[in-house]
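For the record, the sequence lines run as chains R and Z.
Per my numbering, residue 1 is the first one in the first sequence, and the count goes up by one each step.
Per my numbering, residue 1001 is the first one in the second sequence, and the count goes up by one each step.
A virtual CB, placed ideally from N, CA and C, is assigned to each residue, including glycine.
Each remark here refers to the structure printed beneath this line.
There are 2 protein chains.
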Amino acid sequence: MKIQLAESYGFCFGVKRAIKIAEENKESATYGALIHNSKEIARLEKDFNVGLTNDHKSFKAGETAIVRTHGIPKNELQELKETNVEVVDATCPYVTKPQQICQEMSEKGYDIIIFGDEAHPEIKGVKSYATYGARVVTIPSELEDLKLKDKVALVAQTTRRVEEYMEIANYLIPRHKEVRVFNTICNATFENQEAARKIAKIADIMIVIGGKNSSNTKQLFSIAHDNCNKSYHIEDENDIDYFWFKDKEFCGISAGASTPDWLIQNVIDAIEKNVN
Amino acid sequence: MKIQLAESYGFCFGVKRAIKIAEENKESATYGALIHNSKEIARLEKDFNVGLTNDHKSFKAGETAIVRTHGIPKNELQELKETNVEVVDATCPYVTKPQQICQEMSEKGYDIIIFGDEAHPEIKGVKSYATYGARVVTIPSELEDLKLKDKVALVAQTTRRVEEYMEIANYLIPRHKEVRVFNTICNATFENQEAARKIAKIADIMIVIGGKNSSNTKQLFSIAHDNCNKSYHIEDENDIDYFWFKDKEFCGISAGASTPDWLIQNVIDAIEKNVN
Chain R
1 MKIQLAESYG FCFGVKRAIK IAEENKESAT YGALIHNSKE IARLEKDFNV
51 GLTNDHKSFK AGETAIVRTH GIPKNELQEL KETNVEVVDA TCPYVTKPQQ
101 ICQEMSEKGY DIIIFGDEAH PEIKGVKSYA TYGARVVTIP SELEDLKLKD
151 KVALVAQTTR RVEEYMEIAN YLIPRHKEVR VFNTICNATF ENQEAARKIA
201 KIADIMIVIG GKNSSNTKQL FSIAHDNCNK SYHIEDENDI DYFWFKDKEF
251 CGISAGASTP DWLIQNVIDA IEKNVN
Chain Z
1001 MKIQLAESYG FCFGVKRAIK IAEENKESAT YGALIHNSKE IARLEKDFNV
1051 GLTNDHKSFK AGETAIVRTH GIPKNELQEL KETNVEVVDA TCPYVTKPQQ
1101 ICQEMSEKGY DIIIFGDEAH PEIKGVKSYA TYGARVVTIP SELEDLKLKD
1151 KVALVAQTTR RVEEYMEIAN YLIPRHKEVR VFNTICNATF ENQEAARKIA
1201 KIADIMIVIG GKNSSNTKQL FSIAHDNCNK SYHIEDENDI DYFWFKDKEF
1251 CGISAGASTP DWLIQNVIDA IEKNVN
């Protein structure tokens, strides 16, 4: 079995930065999962005593709350600060950007459309910055019944596919006087996606490693699957079914932006050990 | 022969307005062809003594210069005013809009891309308002070698096809942090285009009437031809070859935004007279 990593994969700038921040703040807790990878979160707890709290109201004055990479809603950040919790912001700067755009465009009178997953923490945070509200959509048909102003601003979840973003832009532009399209899909995501596409085209089997709740990993898997129908999304080596590799010769590997190198290595070691 | 007009055709708001302005300013001259229809211009000269001058420097103080519907470059307007020529502005408000957008966006630091025909008077005028310059393109490949800023503003010639405009937008958006897309294609153009498409799909032969130098008529002809391969662009009834109608039963008719009703009627009368 030939095993080959995509040319670009795994940790992005924002995740590396967040983990460094967490490691530098021992004895603290993150508000929400720091990144969407439970294995790495367990390592931070074990090695650095960085806990995880899912209710921002449980932080007490003087305690340190690390804001997760995906950001948090504006009012929750404000409440943490008002109760004198020490806030350490590990929000990825590429997520801070759409938050700022939402606030600025909303205050300038644009209707805001966010392309992304309404239930995802990043989007809950980004949306909260739109002073006069925002609509979250994933496909153009969700725009059909909306009554929007002449001026619309469009932002995207950082981890989405640009082709799908363009479908939303293509629906809006002919129907409005001005559509201000902000390309907030991050480059790291884009590079991992392009590399996954490239290797999936030539692989017999594709393994995409990352949290099952990781948006960018799901996108990588979707791209891999579009180009190699024997594609599998796993969280770690325990999810592997070695039957998948029967009669396969070339295994491509990609990993989400929140997947640590040590976890990727474990997967490679396991395949090498168990597959001829 | 069944002859049917498209549901929307001919004179748009801006052309009607310009002709009214010309008729109200007898003994004047337009700077540049008021509209792209030589027959209507001849009528204005004959009935209202409205002349046509192609050099703005030939106007003398106290004379009246009517600015054509397509607008004129900013510096020429300024020179006319400075030499105390009385300027009557018949620029279509839908053309004034992209002029203003170019100026505002250029001064706000955006790189300006204009989708349109560099040689067309409208675009010469619109481009002149971009304080720090603008690039004019018709197809995405013309953007390939341009080094543009992160922030790009996109405007369109009022008479272009929206599908082709979207190709330019689709090239720019994934490559820039912000693309501000102004939909400056005018509704009248759009309505005439949609109506031409609809009737061309069911017609055996399509006659599109308008000046050979009229951008919007050329677009209408292109749409008609895409949907009915027996489509013909004529300026008036003298351009008709009645052989075109052999074995045809249903003739659809469309006309550009600068084509007067009397000219359309002449064409219909001629077909009715000469074709069974």
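- Against chain R, the CB of Z:R1160 has no partner CB under 8 Å away; the residue lies outside that interface.
- The Cβ of R:F182 sits closer than 8 Å to at least one Cβ of chain Z.
- Shown here, R:K149 sits in coil according to DSSP, grouped into three states, outside any helix or strand.
- Within the same chain, I185 come within 6 Å of R:V162 by CB-CB distance, once the 5 residues on both sides are set aside.
- Bridge partners of R:M206 according to DSSP: R:S231, R:G252.
- Contact holds between the segment 1105 to 1116 of chain Z and the segment 1128 to 1138 of chain Z, because three or more Cβ pairs, one in each stretch, are under 8 Å apart.
- Exposure of Z:R1175 is indicated by the presence of fewer than 16 other C-beta atoms within 10 angstroms of its C-beta.
- Z:K1108 does not reach chain R, its nearest Cβ partner there being about 12 Å away, counting only Cβ pairs nearer than 9 Å.
- Exposed is the label assigned to Z:Q1004, since fewer than 16 other Cβ atoms lie within 10 Å of its Cβ.
- Neighbours of R:A169 in chain Z, taken as residues at a C-beta separation under 9 Å, are given in chain order as M1166, A1169, N1170, I1173, V1179, V1181.
- Taking a C-beta distance under 8 Å as the contact criterion, R:I209 and R:I264 qualify as a contact pair.
- Residue-level contact check: R:H176 touches chain Z, since one or more beta carbons of chain Z fall below 8 Å from its beta carbon.
- Beta-bridge pairing by DSSP links R:R135 to R:I113.
- The criterion of a C-beta distance shorter than 8 Å is not satisfied by Z:Y1009 and Z:A1156.
- Under the three-pair Cβ rule at 8 Å, the segment 223 to 242 of chain R does not count as touching the segment 16 to 24 of chain R.
- DSSP, read as helix, strand or coil, puts Z:K1124 in helix.
- As DSSP reads the structure, Z:K1002 sits in a beta bridge with Z:F1250.
- With a cutoff of 8 Å on beta-carbon distance, R:P121 and R:H70 are scored as near each other.
- Excluding its 5 nearest sequence neighbours in each direction, R:L146 has C-beta neighbours in its own chain below 7 Å: R135, listed in chain order.
- Bounds of any beta strand (DSSP E) do not take in R:V275, whose DSSP letter is neither H nor E.
- In the DSSP assignment, R:A29 falls within the unbroken beta strand (DSSP E) covering 29 to 31.
- Z:A1119 sits away from Z:L1034, with the two beta carbons spaced by 8 Å or more.
- According to the DSSP assignment, R:V162 belongs to the alpha helix (DSSP H) that extends over 162 to 172.
- Counting only residues of its own chain and dropping the five nearest sequence neighbours on each side, R:A130 has a CB closer than 6 Å to the CB of C102, S106, I112.
- Contact check for Z:F1243 against Z:A1203 fails: the beta carbons are separated by 8 Å or more.
- The DSSP-derived three-state label of Z:A1130 is coil.
- With a cutoff of 8 Å on beta-carbon distance, R:F59 and R:V85 are scored as near each other.
- When the beta-carbon positions are compared, Z:G1252 and Z:G1211 stay at least 8 Å from each other.
- Under the three-state reduction of DSSP output, Z:F1182 falls in the strand class.
- Sequence-distant Cβ neighbours of Z:S1254 in its own chain, meaning closer than 6 Å and more than five residues away, are A1006, Y1009, A1196, V1208, L1220.
- Annotation for Z:N1075: S1128 place their beta carbon closer than 7 Å to its own, counting only its chain and skipping 5 residues before and after.
- Of R:W262, R:Y171, R:G14, the smallest CA-CA separation from R:T159 is found for R:G14.
- Between Z:I1173 and R:N266, the C-beta spacing is not below 8 Å.
- R:K218 sits buried, since 16 or more C-beta atoms from the chains shown fall within 10 Å of its C-beta.
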